Each structure stands twice: as structure tokens, then as C-alpha cells.
Ligand SMILES: Nc1ncnc2c1ncn2[C@@H]1O[C@H](COP(=O)(O)O)[C@@H](O)[C@H]1O
Ligand SMILES: Nc1ncnc2c1ncn2[C@@H]1O[C@H](COP(=O)(O)O)[C@@H](O)[C@H]1O
Ligand SMILES: Nc1ncnc2c1ncn2[C@@H]1O[C@H](COP(=O)(O)O)[C@@H](O)[C@H]1O
Ligand SMILES: Nc1ncnc2c1ncn2[C@@H]1O[C@H](COP(=O)(O)O)[C@@H](O)[C@H]1O
Ligand SMILES: [Mg+2]
Ligand SMILES: [Mg+2]
Ligand SMILES: [Mg+2]
Ligand SMILES: [Mg+2]
Ligand SMILES: [Mg+2]
Ligand SMILES: [Mg+2]
Ligand SMILES: [Mg+2]
Ligand SMILES: [Mg+2]
């Protein structure tokens with residue numbers, strides 16, 4: 041566990057009882073605990089044992105705040121995506137950052153097919169320390185944002201789409217081949233990784249020297 | 041051969057002598073002849089037999105105008121791409137259209153990583169009948185243009201790039217998955233196909249009823 | 041929204057309540073509304089709130105006509121496919137065009153394995169402004185039609201088939217590699233895209249100059 | 041070695057001296073010898089040692105007839121392809137059959153983009169015992185022929201094409217997914233395999249019972 | 041419909057009522073009717089309307105014999121596979137041949153990992169006119185059989201296996217790359233195609249000249 | 041051009057004369073200029089026109105320092121890789137950072153198969169602001185480093201290897217699937233991207249607030 | 041059946057009744073019987089007929105010990121993996137070895153992202169005859185272990201992960217490309233194969249000469 | 041360096057001068073040195089500096105024996121392959137084993153298409169401690185050998201073949217999916233890995249207890 045981060049559990053493929061056990065051990069050490077990829081049913085089972093957990097249905101995350109955040113920040117991370125279908129991944133990124141006590145600002149209706157909506161918000165995005173840009177289908181959004189801002193971008197491809205998107209492969213390749221510089225990429229649908237890398241960068245941007 | 045089109049020869053894999061023979065047959069019928077994918081050496085060999093051919097080194101095409109174009113058009117096709125590396129494919133599209141007597145306007149420095157350059161020309165692009173948008177690497181340009189214009193777009197992926205672009209697969213998938221509507225796609229590096237489809241559409245836009 | 045087109049909603053992955061909200065906003069502006077990829081259950085939920093929607097079970101589309109179509113056309117789009125299994129995609133294309141007020145003619149039993157059936161209709165196909173040709177499995181139909189007509193063809197690969205068709209990859213590659221010219225391609229199962237591109241071309245064929 | 045067949049050597053990757061040695065051994069047993077995939081230089085080296093070999097430059101095969109063919113046939117195999125680029129593979133098939141003493145008839149300008157040329161020859165193709173149908177790019181020709189004839193078809197995909205044909209993968213998948221029945225497929229560019237399977241079928245069609 | 045073959049319906053993706061309609065039309069013309077890819081439920085629905093259909097649960101085929109077979113044969117087709125898991129595909133091939141009035145002999149426990157079982161039957165396999173060899177997992181069986189018999193082999197890859205067999209891709213590639221000659225390949229799990237091609241060859245082996 | 045960065049030219053596919061022209065324009069504005077992917081011959085051509093360029097043969101980069109670096113930093117970036125074969129990519133990353141005036145420390149013999157060498161340097165790696173970790177073949181190094189340091193890691197897969205590494209695909213997938221958190225990935229062989237992203241992060245770590 | 045091994049049945053795709061029949065035949069010969077890939081329901085059905093079978097829910101294996109193991113060994117096989125999600129595959133390997141009378145030692149919490157846990161056990165792993173190393177996601181564990189031990193390693197990739205792990209392809213490629221020597225690989229999720237190969241090696245290490 | 045093994049250098053991509061330096065350092069410690077993947081020209085350069093190296097042209101390996109082998113063995117490793125084209129990989133395996141002082145026996149003309157040749161040698165193969173089985177094209181040989189012997193098999197796929205063998209992918213998948221048990225696999229063309237793993241197993245089979 042890195043400084044400033046909660047304990048994190050990857051919920052997928054773990055049984056509720058097993059998650060409860062791990063969580064109890066972590067909580068007993070006074071840590072904040074953040075759990076990803078929790079379907080509602082399993083989350084409910086965990087919460088009936090540990091009711092202080094808060095469940096977020098869109099990102100499918102559980103969070104329990106056991107102690108105050110370790111650091112205070114003045115600036116924020118921008119979470120940028122195109123709309124409805126990418127929301128679960130975008131919110132996984134956002135909740136991850138918030139579970140570290142970092143402010144996020146959401147820009148959720150700014151896909152490349154309607155680029156004026158991106159322009160309407162570009163100044164506020166530019167002032168973030170770092171952006172997490174989420175996109176499915178053709179995955180072009182990080183390239184466009186990357187050409188407009190000068191901070192680092194963590195690009196998160198999603199599996200949203202059909203046919204020749206091959207479960208996110210299309211968006212993944214797009215992002216890896218971006219001609220805009222300052223973009224690095226995490227796994228398909230890995231909102232957690234997007235948020236986590238952004239927080240790491242945000243923290244060192246705010247370190248006291 | 042469709043009306044208004046020259047006779048077309050796909051030069052790749054054909055020997056100069058064979059091309060000369062086919063060309064002679066076509067020329068004897070009074071046709072215009074357009075040949076694609078001609079390396080300089082082979083083009084020179086053809087031109088020493090048939091010196092009325094004009095060679096274009098960037099698009100690697102040969103053209104011989106044997107008779108006047110069949111139709112007069114008032115409007116133009118926009119050929120849009122990001123820059124240096126995609127030029128051979130863009131010019132193959134442009135020369136194809138010009139070999140059909142159609143005016144093209146070139147917008148060749150407008151990649152998504154510097155989107156303001158696209159905006160500087162967007163009004164002139166918008167007024168075209170149809171656009172051919174060429175892009176390699178991540179291939180995001182057609183999606184962005186598609187969101188800004190309302191005419192049909194023929195998207196041409198190129199094999200420009202390296203690594204995870206897998207010889208144009210990345211750009212191809214991007215274009216097939218575009219969330220902008222009004223985009224259809226031809227084969228990787230198929231500038232000819234881009235230009236040809238654009239001319240077909242341009243012609244029916246100008247048909248006299 | 042382009043001129044002459046209804047407002048379009050991509051239904052997949054959106055909840056009924058969300059679709060009802062968006063639809064209401066659009067309807068209040070007097071627009072026609074067209075929704076694709078609606079399973080029957082979800083369509084029923086939308087229609088119990090907004091009963092003026094018409095559901096089409098084969099194409100899985102909803103349409104509500106709120107105002108007269110903006111333009112009158114004399115000619116038609118040909119929708120060409122081989123038979124039973126490709127019908128849902130073909131009808132998605134057809135309904136898209138009809139939701140724009142464009143006449144379509146359906147040629148639905150003309151696969152390449154029984155090419156005489158195609159020949160029986162070829163004259164009527166030839167007189168269309170543009171064809172949408174849908175095919176799964178080996179996807180050869182657009183190549184054959186492309187050799188017989190001189191208007192543009194929008195080719196739509198479908199995921200119909202099994203084994204080495206790899207969910208439509210086979211038909212997609214076939215269409216991208218067609219040796220017939222005048223063919224451009226949209227995503228696997230993207231009947232909407234096929235119809236939409238055809239309408240765009242059809243409109244400019246009918247623009248008043 | 042099957043009855044009626046020459047000894048066959050796969051020339052690729054073998055040195056001339058090694059090929060000469062194997063050939064001598066075979067010739068000493070009185071066999072006919074057929075060698076595939078021989079570049080001109082290597083073929084010349086073999087022929088300077090064994091001048092009775094005949095080299096065919098298009099198919100890149102060597103043949104030496106050492107004894108009379110074992111069987112006399114009244115009928116023929118049809119070799120069908122679209123044109124210039126597929127010729128080397130088509131001729132590898134043809135020479136393979138001829139090296140077994142089987143008559144072949146060549147139909148070499150009948151691609152699907154100009155289907156009337158196929159129709160001009162269809163009766164003569166229909167009367168063959170079996171067809172070998174060779175195609176690159178989209179590989180649609182076997183499907184169309186398969187719908188028109190009732191004998192078995194051996195389909196041979198070629199690597200001819202570029203971009204999304206992925207070195208013959210496109211044509212291979214097309215042929216495996218054909219909706220016409222009576223088609224089976226060999227490896228990409230395997231003209232030998234096409235000819236060989238056709239001869240096997242041709243032989244049993246002519247067995248004396 | 042080829043001579044000697046029943047009318048064939050590909051049942052997958054068709055509704056029972058639609059299949060009943062097509063069948064009725066065929067039966068009224070006096071044809072035999074053979075239907076593949078019928079799950080039990082759908083088959084039951086068809087049989088309650090048309091009780092003369094016979095259902096085979098392993099191959100998932102329906103057959104109705106309406107008239108005598110057109111030809112009498114003295115010889116047989118060998119159907120060869122390794123065991124339990126490939127049985128549905130092997131039986132689809134077998135039932136296809138039997139629906140054409142052709143005798144099949146089944147060799148169903150002869151995988152390459154226990155090659156002595158193959159040897160125990162090899163003489164009887166050798167005397168067949170043609171073999172259909174079915175294999176999943178590594179798909180090596182056709183290569184081994186191909187080295188031991190001299191008649192043509194139709195190889196059918198199956199999707200049986202897991203992990204790196206990628207739903208039959210492994211077996212498909214194995215068969216296409218076989219170093220044994222005399223093997224041609226059909227689509228993954230295409231037992232019907234295997235049987236059909238074998239019958240075509242078997243018929244011409246038995247044609248009266 | 042971002043603040044603190046030189047003007048950057050992607051040399052691949054551009055002719056020397058074209059590069060000289062672009063460079064002259066940039067130099068006239070007083071910028072530092074950095075050029076990647078320059079084969080020696082082309083670099084020599086550029087240097088004979090512009091002798092102030094410095095060529096580095098391993099990374100194949102050219103650099104001309106025209107003015108002092110804009111910022112002074114106290115800390116450094118770690119460049120970590122396994123050895124000989126990955127050096128060109130590692131040095132492209134290193135030279136990119138140095139062209140921005142950022143100190144790099146090189147850890148070039150620390151592959152996972154001899155993990156004690158990594159441990160010998162781990163403290164100095166830990167104290168970097170950010171690491172660029174380069175690996176070919178199986179690409180496991182970023183995962184191991186990621187588990188040992190708490191700053192962000194930019195992972196760069198290389199195409200070094202053979203067979204089932206599929207030109208870098210293996211290392212790319214490894215890095216995208218890393219179970220260590222804090223890792224983001226750039227394109228195969230994209231040393232420039234690795235260095236560039238690291239500098240961006242390094243800069244914000246050193247911004248004056 | 042090899043000496044020292046039980047009879048093995050691959051349970052997947054076989055019906056309970058069929059498994060009971062095969063088991064009875066084997067048991068009547070006095071063999072030990074080991075069955076893999078048995079879902080709980082099917083295992084219960086088998087056990088109600090043959091109650092002496094022991095079911096293990098994690099590895100989904102059934103075992104019946106009918107006679108004493110044939111050999112006594114002093115040493116052990118190490119089974120090494122990272123944690124929760126890979127357990128079913130690891131236990132399939134372990135149970136396979138135990139069904140041959142070989143001792144296994146389990147090292148189940150030693151993933152590369154927390155490499156100190158591996159180091160805590162490395163001496164005990166080193167003393168094994170052979171290791172089976174199981175990993176999903178990036179699959180880096182065998183490379184790291186391979187660099188630390190000098191006995192052979194059987195690497196088992198698992199399908200655990202999501203997105204760009206492509207159902208185990210990522211881990212598989214990683215292991216095949218390992219720069220550590222002494223590693224060979226079995227199919228994705230093939231715990232049985234991992235255990236089986238390890239036992240084979242273990243046996244020859246213990247053969248009496 | 042493991043006990044009993046020479047120092048090994050992977051020659052590909054390293055310059056002669058660099059190899060000479062590394063070799064000198066190793067030789068000065070009294071080690072035996074073995075170098076793989078050395079083209080003739082580079083090998084000559086190394087030998088002119090270090091003439092005690094022996095070059096083997098088929099396997100492209102260099103070996104210098106500086107001291108006696110550490111162990112004496114009574115038994116041998118079987119190296120099994122089909123013929124001419126796979127020889128370089130087979131010999132890389134053989135030379136690797138011999139550089140460790142282990143006897144190898146070569147069985148080099150035993151492909152599955154002529155299985156009687158394998159049977160002629162099977163007893164001698166059976167008596168080996170371990171087999172390395174090399175195959176290209178369809179890669180079926182390890183499955184067949186695996187069914188006939190009871191010792192472990194290291195399978196080495198080669199890139200020999202064309203078309204749908206996709207540079208060795210076909211043989212690799214075949215081997216990973218083998219239904220014979222006791223087979224594990226190394227990278228495509230990795231003769232060294234095949235030999236190395238075999239020696240490791242051979243050594244523990246001969247350890248003194
Ligand atoms: N959604 C996610 N995707 C990828 N990695 C995750 C995710 N959520 C958590 N993780 C990682 O998984 C680790 C916990 O894994 P585990 O020990 O299996 O619970 C965390 O430290 C994270 O690095
Ligand atoms: N660069 C190109 N890419 C794809 N198709 C082309 C190209 N150039 C020409 N063609 C097509 O090739 C046909 C001529 O082919 P051929 O008869 O082989 O010369 C033309 O009618 C075009 O349809
Ligand atoms: N062009 C070809 N493609 C595939 N297989 C071939 C080809 N030419 C010959 N063969 C096969 O290769 C065998 C001879 O291989 P070899 O013993 O290596 O010369 C012949 O019996 C044929 O089965
Ligand atoms: N989980 C497994 N994965 C791969 N192969 C297996 C597995 N379990 C058993 N086998 C193999 O399958 C053979 C039995 O197959 P079967 O005759 O179909 O029951 C055994 O001898 C093993 O070689
Ligand atoms: Mg930027
Ligand atoms: Mg648009
Ligand atoms: Mg046409
Ligand atoms: Mg037919
Ligand atoms: Mg044979
Ligand atoms: Mg870390
Ligand atoms: Mg080791
Ligand atoms: Mg064995």
C-alpha cells in the first residue's frame with residue numbers, strides 16, 4: 041500500500057465471505073478500504089456484515105473511510121469521457137481518486153463526434169494536474185484532448201462498442217498509436233488503473249519539497 | 041468502365057511490357073488511361089514506349105489524357121489528411137479524382153493532435169460535396185471531421201506508423217468503429233478506392249435530372 | 041442532427057427510463073425520433089410511456105413521426121441481401137432510410153450461391169441511386185453486385201455464420217478487399233450505418249441546385 | 041507416392057545440390073519427377089546437371105517425364121481464376137495436374153467483378169470432373185462458381201492483395217465460410233495442393249470398376 | 041439442389057414455424073428433406089407438425105425420406121474421429137451422407153495419442169472411396185490418416201478444446217498446413233460440409249460412363 | 041511545443057532535405073531541436089548542412105542545443121532495462137529526457153531472469169521521480185519494478201525477441217495486464233513516448249507553486 | 041496409462057452416466073481413477089453411484105484410490121502461484137501430482153507485484169525436484185522464479201484477467217518468451233498438464249538405476 | 041550459469057566485437073562457451089579473434105570447450121524431427137545438449153505423413169530419458185510421439201511452412217493443444233530452449249542420491 045492510498049481489493053472472482061475477512065483485517069489496522077468490481081448482490085452481502093461500507097452502483101465500488109485523508113490538495117484531476125456507455129469505467133476512475141482524497145472534476149459529454157462540447161470545457165480541463173480520458177468504440181478522444189492540454193494524460197480504452205471493436209481492442213490500439221504526445225495507456229476497462237496512475241502523478245505534483 | 045471514368049490499371053505486380061500492351065489497347069479506343077501503384081523504374085519503362093503518359097512521383101500514378109472529360113462540375117471533393125507520411129495515399133486519391141475531371145481541394149496539415157489547423161479550414165471543407173479523409177497511426181481524423189461536416193466521408197486508413205499499429209490495422213479499426221455517422225471505409229492504403237468512391241458520389245450529386 | 045434526419049438514439053446499453061427522458065426532450069422540439077437496438081422488453085417499457093412510438097421487431101427499432109419529412113424524393117435506395125439470417129441488419133438499414141423519408145426497395149433472396157436470383161432483379165437494383173448490400177458468412181455479395189451496377193455501394197458485413205467467420209471478421213475482410221470498385225464498408229452488423237450513409241448520398245443526389 | 045503421380049519434391053528451402061541428389065535417386069527408379077517452388081536461379085543449377093528437366097517460369101516448377109503416364113482420361117479438370125496476379129498459383133495447380141497426365145482447361149479472366157466473363161465459359165467449366173478455383177483479395181470466386189456447377193470445387197486462396205487482406209487471410213476465411221456447398225479449401229498459395237486434390241478426385245472418377 | 045441430394049435446410053437461427061413452412065413446400069414436391077443444427081426443443085416443435093421427420097439427437101439433424109434414393113452404391117465413405125467430444129460433428133457428417141443414400145463406416149476411437157487403435161482399422165479405412173476426418177484440439181488426425189491412405193480426405197476441424205485452441209482455430213490451422221497431400225478442409229464444426237463434399241466425390245466415383 | 045521541451049521531429053519517412061528545411065525554420069526561432077528515428081546516412085546528410093547537430097548512434101537521435109534549458113531540476117528520472125538488445129529504445133527515452141534538460145540515471149543490466157542485479161540498484165531507482173522501464177521478450181520487468189517502487193512507471197515494450205513475441209505484442213500485453221499498479225504503457229519501441237511522458241510528470245513534480 | 045499414474049478421465053463434455061461407466065471399467069481392473077473438470081452437480085451424480093470417489097471443489101477433481109501408490113519418493117514438487125484467482129488451476133496441478141503419490145508443497149501468495157513474499161520461500165522452492173508455476177494476467181511469475189532456481193519449471197498460463205489479457209493469451213505469450221531458461225509451457229488453464237509433466241520429471245529423478 | 045552447463049551467449053543482435061569481449065571474460069574464468077544464432081560472417085569474425093571456437097553451419101552455433109564436462113551420463117536424449125527444413129532448429133537443440141556433455145541420438149526423417157519411418161525407430165526413441173520433438177507446418181509430430189513413449193517430451197514448433205502457418209503459429213498451437221499428455225512447449229524456433237530443458241531433465245534423471 042502506497043502512502044495516501046486506501047487498501048484496495050479487486051473484488052472480481054472473490055467470494056463475499058473472503059472479502060469480508062480481508063476487509064476486517066484491514067479495517068482493524070485503521071486503513072481506509074476500497075473495493076472494485078463488486079456486483080450489487082455481492083456488495084449487499086459485504087455491507088450486511090460491514091454496514092459502514094458505501095456502495096456506488098455505477099462504478100460498482102465499495103468504500104469505507106476509517107480515518108482522515110493524509111494530504112490536502114488544492115488542485116484536481118479531470119475525468120473526461122463521451123457519455124452514457126463509458127460511465128461505469130469513468131466512475132471507477134473517479135471513485136478511485138476520491139478514495140485517495142483527491143478532488144476530481146467530471147467532463148462526461150464531450151465525445152469527438154461533437155467536438156464543440158469539448159471546447160466548451162477545455163479551459164477547466166487544461167487547469168487540471170492530469171487528465172484521465174476514457175473512450176470506447178474508436179477511442180479517439182485522448183488524441184484530441186492530448187493536442188489541447190499540456191499535462192499528462194492517462195488513456196483508458198473501454199470495451200464499449202460492437203463488431204470490429206473486438207471488445208476494446210480497437211480503442212486500445214488507437215490510444216497506443218496516438219500522434220499526440222503525453223499519453224500513456226492502461227488496460228481495457230481499467231478505470232481503477234486510470235484513476236490510480238492519475239493520483240500518483242497528482243501526489244508528486246503536490247509533494248512538499 | 042463507368043461513365044466519366046478513365047480506364048484504370050492496377051500496376052502492382054504487372055510487368056511494364058504487359059502494362060504497355062493493355063494501355064495501347066485502351067488508347068486505341070480513345071479512352072483516358074490511369075495507372076496506379078507504379079514504381080518510378082517501371083513508370084519510366086512505360087513512358088519510354090508511351091511518352092504521352094504523365095508520371096506523378098508522390099502518388100506513383102501515370103495518367104494519359106486522350107480525350108476531354110465527359111462532364112463539367114462546379115463543386116469539389118475535399119482531400120483531408122495530417123501530413124507528410126500519409127501524402128502518397130492522399131495523392132493517390134487526389135489524382136484518381138482529377139483523372140475523372142473532378143476538382144479536388146487539398147487540406148494536408150490538419151491532424152487531430154493540432155486541431156486548430158483543422159478548424160482554420162473547416163468552412164472550405166464543409167462546402168465540398170464529399171470528403172476523403174486519410175489517416176494512419178490512430179486514424180482518428182475521420183471521426184473528428186465527421187462530427188463537423190454534413191456530407192458523406194470516405195475514410196482511408198494508412199499503414200503509416202509502427203508497433204501496435206500493426207500495418208494499418210489500428211487505423212482501420214478506428215474508422216470502422218467511428219461514433220460519428222456518415223463515414224464509410226475502404227482498404228488500408230487504398231487511396232484509389234477513396235478517390236473513386238468520392239467521384240461516384242460527386243457525379244450523382246451533379247447528375248442532370 | 042443533419043437536415044432531413046430524425047434524432048437518433050443508440051438504444052443498446054441505455055435504460056428505458058433514460059431513453060424516455062431523452063426522447064421527451066427531442067419530441068418537445070418537434071423532431072422525429074428513431075431508436076435502434078431495442079430489445080422487445082425495453083421497447084415495450086418505452087412505448088407504455090410514449091405510446092406513439094412504432095416498434096419493428098425484426099430491426100429492433102422504434103420510430104415516432106412527429107412532423108412531415110423535409111424533402112420529397114423520386115428515386116429509391118436498394119437494400120440487397122441473401123436471406124433469412126441477415127434480415128435484422130438489412131431491416132435496420134431499411135428502417136433508417138425510411139425514417140428519413142426515403143423510399144427503399146428490398147431485394148432479400150439474392151445470395152451469391154444462387155446468382156440467378158440476383159440477375160432476376162438486377163435491372164431494378166441498377167436504377168437505384170445507391171445500394172446497401174448486406175452479407176454474412178463469406179460476404180461476397182457486394183463484390184458481385186459491385187460488378188453489375190454503377191452507383192455507389194455501402195457494404196455491411198454481418199456476424200452471421202460460425203467457426204472461421206470469427207463473428208463477422210470474414211465478411212468484413214472480404215468487403216474491404218473487394219476487387220470491384222465503388223464499394224465502401226461500415227462496421228459489422230451496422231445496418232444503421234449502411235442506411236445512414238446511403239441516405240446522405242441519396243440526399244445530395246437530390247439536392248436542388 | 042500414389043499411383044499415377046510423379047515423385048514430388050518441395051523445392052523451397054532445399055539447396056540445388058540436394059535436389060539434384062534426390063532427383064537422381066528417383067529417376068534411377070524410372071519415376072517421373074515434379075519439383076515445385078523453384079526460383080529460376082536454382083532451377084538453372086538443377087537443369088545444368090539434369091538437362092532433361094523442363095522449367096516453367098510462371099509456376100516455378102520443374103518436370104521430367106521419364107516414362108509414359110499410367111492412365112488415359114477422357115475428361116478434364118477446370119482451373120479457374122481472375123487474372124494476372126493469381127497466375128503463378130493457378131499454373132502451379134495446372135502443372136501439377138499435367139504432371140499426372142491429366143488434361144486441364146484454363147479459365148483465367150473470370151473474376152467476380154466482371155461476372156459476364158465467367159458466364160461466357162460456364163458450360164465448359166460445368167463439364168469438368170472437378171474445378172480448382174483460385175482467388176486472392178476478397179476470394180469470392182469459388183462461392184460464385186460453386187453456385188453454378190455441381191461437381192466438387194477445390195478452393196485455393198492466394199496472398200495477392202494488400203492491406204486488410206493480411207497476406208491471404210481474407211481470401212482464406214471467405215472460402216472457408218462459403219455458403220455454396222461442395223467447396224473444400226487448401227492452404228494459402230498452395231496451387232500444388234489444389235491440383236493434387238483435383239487429380240485424386242479425377243482419378244477415382246475414372247477408375248475402372 | 042444437386043442430383044441425388046435431399047433438400048437441405050440450415051436450421052440455426054430459423055424459427056420452427058419458418059422451418060415447417062419451407063419443409064412443407066419441399067415435401068409437396070416429393071423431395072427428401074434434411075435439416076441440420078436443430079436443438080431438441082425446436083426439432084420437437086417441427087415434428088409435432090410434421091411427425092414423419094426423424095430426429096437424431098447427437099448430430100442434431102432431422103430427416104424425412106419421401107422417396108427412394110436415386111442411386112445404389114457398392115462402396116462406402118469412412119468417417120474417422122478420436123472420440124466422445126467430436127461425435128456431434130462426426131455424426132453430422134455421417135447423417136448427411138446417409139441422407140444421400142450413401143453407406144458410411146464409422147471409426148470413432150482412433151485419436152493420434154493412441155495410434156495403435158487407428159492401425160487396427162486402417163485396412164478398412166483404406167478401402168473407402170473417400171474419408172471425412174474430424175478432429176478438435178490439435179487436429180493432427182487428418183495428417184496421420186493422410187499418410188496412410190491414398191484416397192482424398194476431407195478434414196473437419198472442431199471447436200473442441202480450451203485455452204489456446206481458440207475455438208477451433210488451432211485444429212483449422214493444423215489441417216490447412218498438413219504435410220500429407222490429398223487433404224482439403226472445410227469450416228470449423230462443419231460436419232455437414234465434410235459429409236457433403238465426401239458424397240460429391242463418392243458420386244463421381246460411381247458415375248456410370 | 042510544450043514549455044521546456046525542444047521542437048521534436050519524427051525523422052522516419054521524411055527526406056533529409058525536408059528535415060533540413062523544418063529544422064532551419066525552428067532554429068531561426070531560437071528553439072532547441074530534437075530529431076528521432078534517424079538512420080546514420082540521413083543524419084550525416086542533415087549534419088553536413090547543419091553541423092551543430094549532435095548525432096547519437098545508439099538511439100538514432102539528433103539534437104541541437106540553441107538556447108539554455110528553461111528549468112533547473114534537482115532530481116532525476118530512472119531508465120531501467122535488461123540489457124544489450126533493448127538499448128536503442130532505452131537510449132531514445134534517455135536522450136529525449138536529456139534534450140529537455142532533465143537528468144537521467146541508467147540502470148541497464150537488471151532483467152528479471154537475474155533479479156539480484158535489480159536489487160543491487162533498487163534504492164537509487166526508488167529515489168527517482170518517475171521510472172521508464174523498457175523490456176522486450178516477455179516484458180515482465182515493469183511488473184517487478186512496479187512492486188518495489190512507489191512512483192509512477194512508464195512501461196515501454198520493445199519488439200526484441202522472436203517467434204511468439206509477435207514483434208512486441210507479447211511484451212505489450214504483459215505490461216497492459218500488469219498486476220502491479222502505477223504502470224501505464226506506450227507503443228511498442230516508443231522510447232520517445234516513454235521519455236516524454238516521464239519528463240511531463242517530472243516537470244509537474246518540480247513546478248513552483 | 042503410464043506406470044505410477046492413475047487412469048485419468050477428462051470430465052468436461054462427458055455425461056455423468058458415461059463417466060460412471062468408464063470409471064467402473066477402470067476400477068474393476070484395480071486402477072486408481074482421477075477425473076478432472078467436474079462441475080459439482082456432475083460430481084455429485086457420479087458419487088451417488090460410486091461413493092468412494094473424493095471430490096475436491098476448488099480443483100473440480102474426483103479421485104478414487106483403489107490400490108497403494110507404486111513408488112515412494114523422498115522429495116517434492118513445488119506448486120507456485122500468486123493468489124486467489126489462480127487457485128483452481130494450481131490445485132488441479134497439485135491434485136494431479138498427489139493422485140500419483142507425489143508430495144507437493146504449495147506456495148500460493150507469491151506474485152511478482154510483491155516479490156518479497158516469493159523471497160521468503162525461495163529456499164524451500166529451490167529444493168524441489170521441479171516446479172509448476174501458475175500465473176494469469178501478465179504471467180511474469182515463471183520468469184522470476186526461473187531466474188532463482190535451477191530445476192526445470194513447467195509454466196501454466198491461466199485465463200484470469202480481463203481486457204487485453206484476451207482469455208490467457210497474454211500470460212501464454214509471456215511464458216513462451218521468457219528470457220529465463222529452463223521453462224516450458226502447457227496450454228492455458230491446463231493445471232492437469234502442469235502437474236502431469238512435473239510428475240513425469242519427478243519420477244525419472246527418482247528412478248532406481 | 042547452472043551446474044554442468046557452459047556459459048551461453050544469444051548471438052542475435054550482438055556485434056562481433058561485443059561477443060568477443062564477453063567470450064574472453066568467460067574463457068578467462070575457465071568456462072566452456074556456447075553461442076547461438078551466429079550468421080557465418082559474424083562467426084568468422086569471432087573465430088579470427090578466438091580461433092579455438094568451433095562453428096557449426098547448420099545450427100549456426102559456436103562452441104569452445106575449455107574444460108572437461110562435469111558429469112558422465114550413460115543414457116541419451118532423442119532429437120526427433122521430420123526432415124530437411126527443420127534441421128537448423130533440431131541441430132540447435134542437439135548442439136546445446138552436446139555442449140553440456142550429454143549424448144544425443146538424432147531421428148531426422150520421421151514426419152507424420154510417413155509414419156512407418158517413425159515406427160522403424162520407435163524402440164530406440166523410447167529408451168531415451170527425454171525427447172525433443174521439432175516440427176513445423178502442422179506440428180503434429182509431438183502428439184504422435186507422445187502417444188508412443190512414456191518419458192517427457194519437449195516440443196519445439198518451427199516457423200517452417202507458408203500461408204496459414206503464420207510463421208509458426210500453427211505448429212505452436214498444435215503443440216499446446218496436444219491430446220497426448222507429457223508434452224510441454226517452448227517458443228517457435230527455440231531449438232536452444234528445447235535442448236536446454238531436455239538437459240535439465242536429463243541431469244536430474246542422473247543425479248547421484
Ligand atoms: N479494477 C481493477 N483492475 C485492475 N487492478 C485492480 C482493480 N482493482 C484493484 N486492482 C489491483 O488489485 C490489487 C488487489 O488485488 P487483490 O489482492 O487480488 O485484491 C490492488 O492493489 C490493485 O493493484
Ligand atoms: N490502388 C488500387 N487499389 C485497389 N484497387 C485498384 C487500385 N488501382 C486500381 N484498382 C482497381 O483495379 C482494377 C484494374 O485491375 P487490373 O485489371 O488488374 O488492372 C481497376 O478497375 C480498379 O478497380
Ligand atoms: N508447393 C507445395 N506446397 C505444399 N506441399 C507441397 C508443395 N510441393 C510439394 N509438396 C509436398 O511436399 C512433398 C515433398 O516434400 P519433400 O519431401 O520435402 O520434398 C510432396 O509429396 C508434396 O506432398
Ligand atoms: N484438465 C485436463 N486438461 C487437458 N487434458 C486432460 C485434462 N484432464 C485429463 N486430460 C487428458 O485427457 C485424457 C483422457 O481423455 P478422455 O479419454 O477423453 O477421458 C487423459 O489421459 C489426459 O491425457
Ligand atoms: Mg497534450
Ligand atoms: Mg459528419
Ligand atoms: Mg459497381
Ligand atoms: Mg456447386
Ligand atoms: Mg494420403
Ligand atoms: Mg509500484
Ligand atoms: Mg532457473
Ligand atoms: Mg507419451
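Protein chains in written order, with this note's numbering: chain C, 41 to 249; chain Z, 41 to 249; chain L, 41 to 249; chain Y, 41 to 249; chain H, 41 to 249; chain P, 41 to 249; chain W, 41 to 249; chain B, 41 to 249.
Where a beta carbon is used, it is the ideal one built from N, C-alpha and C, also for glycine.
If you're wondering where the values come from, they're calculated on a predicted model, not measured in any experiment.
Residue 118/B and residue 157/B closer than 8 Å at C-beta: With respect to the 8 Å criterion, residue 118/B and residue 157/B are not classified as neighbours on the basis of their beta carbons.
Cβ of residue 214/C within 8 Å of any chain L Cβ: Not one chain L Cβ lies under 8 Å of residue 214/C.
Rounded Cβ spacing between residue 74/Y and residue 91/Y (contact assumed at less than 8 Å): Not a contact, Cβ separation roughly 17 Å.
Beta carbon of residue 125/B nearer than 8 Å to that of residue 231/Y: With contacts defined by Cβ atoms closer than 8 Å, residue 125/B and residue 231/Y do not form a contacting pair.
Residue 27/Z to residue 60/L span [Cα, whole Å]: With chain Z covering only 41 through 249, there is no way to say anything about residue 27/Z.
Contact under 8 Å by Cβ, residue 235/P with residue 133/P: Yes, the Cβ-Cβ distance between residue 235/P and residue 133/P is below 8 Å.
Opposing strand residues paired with residue 197/P [DSSP bridges]: Its beta-bridge partners are 175/P.
Cβ neighbour criterion (16 or more within 10 Å) applied to residue 114/Z: Residue 114/Z comes out exposed.
Beta-carbon separation (whole angstroms), residue 198/C vs residue 222/C, contact threshold 8 Å: About 21 Å; that fails the 8 Å criterion.
C-alpha distance - residue 48/Y paired with residue 150/B, whole-angstrom precision: Near 18 Å, if we compare the C-alpha coordinates of residue 150/B and residue 48/Y.
For residue 131/Y, the three-state DSSP class (helix, strand or coil): DSSP places residue 131/Y in helix when its eight states are reduced to three.
Strand pairing of residue 224/C, partner residues [DSSP]: DSSP lists 194/C as partners of residue 224/C.
Whole-angstrom distance between residue 194/Y and residue 186/B, CA atom to CA atom: If you take the alpha carbons of residue 186/B and residue 194/Y, they lie about 33 Å apart.
Nearest-angstrom Cα separation, counted from residue 165/B out to residue 43/W: So the two alpha carbons sit approximately 18 Å from each other.
Close-in-space but distant-in-sequence residues of the same chain around residue 249/W (CB under 7 Å, 5 per side omitted): Caution applies to residue 249/W, whose pLDDT of 48 falls short of 50 and renders its modelled position unreliable; the model cannot decide the point.
Proximity to residue 153/Z [Cα-Cα], best of 162/Z, 123/Z and 128/Z: Comparing Cα-Cα distances from residue 153/Z to each of 162/Z, 123/Z and 128/Z, the minimum goes to 123/Z.
C-alpha gap between residue 189/Z and residue 159/Z, whole angstroms: Residue 189/Z and residue 159/Z have their C-alpha atoms spaced approximately 11 Å apart.
Closest Cα partner of residue 192/C within the set 227/P, 202/P and 240/P: When C-alpha distances from residue 192/C are compared across 227/P, 202/P and 240/P, the shortest belongs to 240/P.
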